[in-house]
Amino acid sequence: MKLVIAATGASGTIYLQRLLEQIDCAAHEVHLVMSAYADKVAKQELDNFRIPESVSRHSDNDMNVPFVSGSARFEAMVIVPCSMATLGRIASGSSDSVLLRAADVFLKERRKLILVPRETPWNLIHARNVVTLLEAGAVVLPAIPSFYSRPNSVTAVVDTVVWRILDQIGLSNPSAYRWGMK
Ligand SMILES: Cc1cc2nc3c(=O)[nH]c(=O)nc-3n(C[C@H](O)[C@H](O)[C@H](O)COP(=O)(O)O)c2cc1C
């Protein structure tokens, strides 16, 4: 599978970290783009943010990458965590960075675009932007954990969101907790 994973300056680098850890990045073609604020937040939130060696990391300001063109075939793009700033820019049709252009391409090509926003509370502009993105075909999967699996650590709480992202990509984690499964 060919995937684009993008990160922005919302809180929640650990969601990105756990996603990278649960995708077999050697078995799939994984491209990573991080905004400037994503880098700053990663430094603030994690002592040791690790990108698997097989992941191709790209700058957010060099369009010389395959996934900014509809002619390159990719299955899915995930923006995790997704700031409300980036969510609003995508909803407005802005595509003047690699990350934004890629999101724009995934929407126009009707490919899977999964946004994982982290913000609370929402103002009306946030809510309207989310509606616009849903209408355009995006999956909006807020970073809202669940607790019915009785997670006993921060990582376990984070994984309740990461498992939903993996399900959406089509790379479900066989160890994911599922209600009603023994
Ligand atoms: C430590 C820190 C935490 C932040 N957390 C959030 C957040 O949870 N959600 C959000 O929408 N913005 C958050 N922001 C603000 C964004 O980083 C800011 O709006 C930035 O312009 C986003 O740019 P980007 O989307 O290009 O990364 C945070 C900023 C900092 C420094």
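Following my numbering from start to finish, the sequence shown increments by one per residue and tops out at 202.
Beta carbons: idealized from backbone N, C-alpha and C, even for Gly.
Residue j beta carbon less than 9 angstroms from that of residue i
i   : j    : result
F87 : A122 : yes
V61 : H78  : no
Span separating the alpha-carbon of residue i from that of residue j
i    : j    : result
V174 : G200 : 23 angstroms
G32  : L107 : 15 angstroms
C102 : A26  : 8 angstroms
P162 : N84  : 30 angstroms
I145 : G113 : 15 angstroms
L23  : D59  : 20 angstroms
V181 : D82  : 30 angstroms
R170 : R138 : 22 angstroms
Residue from the options whose Cα sits closest to the Cα of residue i
i    : options                 : result
G29  : P72, L119 and R70       : L119
E129 : T152, Q42, G90 and S103 : G90
H51  : Y57, E65, K63 and M21   : M21
E73  : C45, D82, V181 and S117 : C45
8 angstroms contact criterion, which residue i and residue j should meet: CB distance rounded
i    : j    : result
L10  : A105 : The structure shown has nothing for residue 10, since the chain only spans 21 to 202.
L135 : V151 : In fact, because the Cβ distance is near 13 angstroms, the residues do not count as touching under 8 angstroms.
V178 : P194 : Their Cβ separation, rounded to whole angstroms, is 18 angstroms, which puts V178 and P194 out of contact at 8 angstroms.
Any chain C beta carbon closer than 9 angstroms to residue i
i   : result
F87 : Protein chain content of the structure displayed is limited to a single chain, and chain C is not contained in it.
Can you confirm whether the region 84–100 touches the region 187–194 when touching is taken to mean that 3 or more C-beta pairs between the two stretches lie within less than 8 angstroms? Touching, yes, given that three or more Cβ pairs across the two stretches are closer than 8 angstroms.
Taking three-plus beta-carbon pairs below 8 angstroms as touching, is the region 33–44 in contact with the region 59–76? Counting C-beta pairs closer than 8 angstroms gives three or more between the region 33–44 and the region 59–76, which meets the contact rule.
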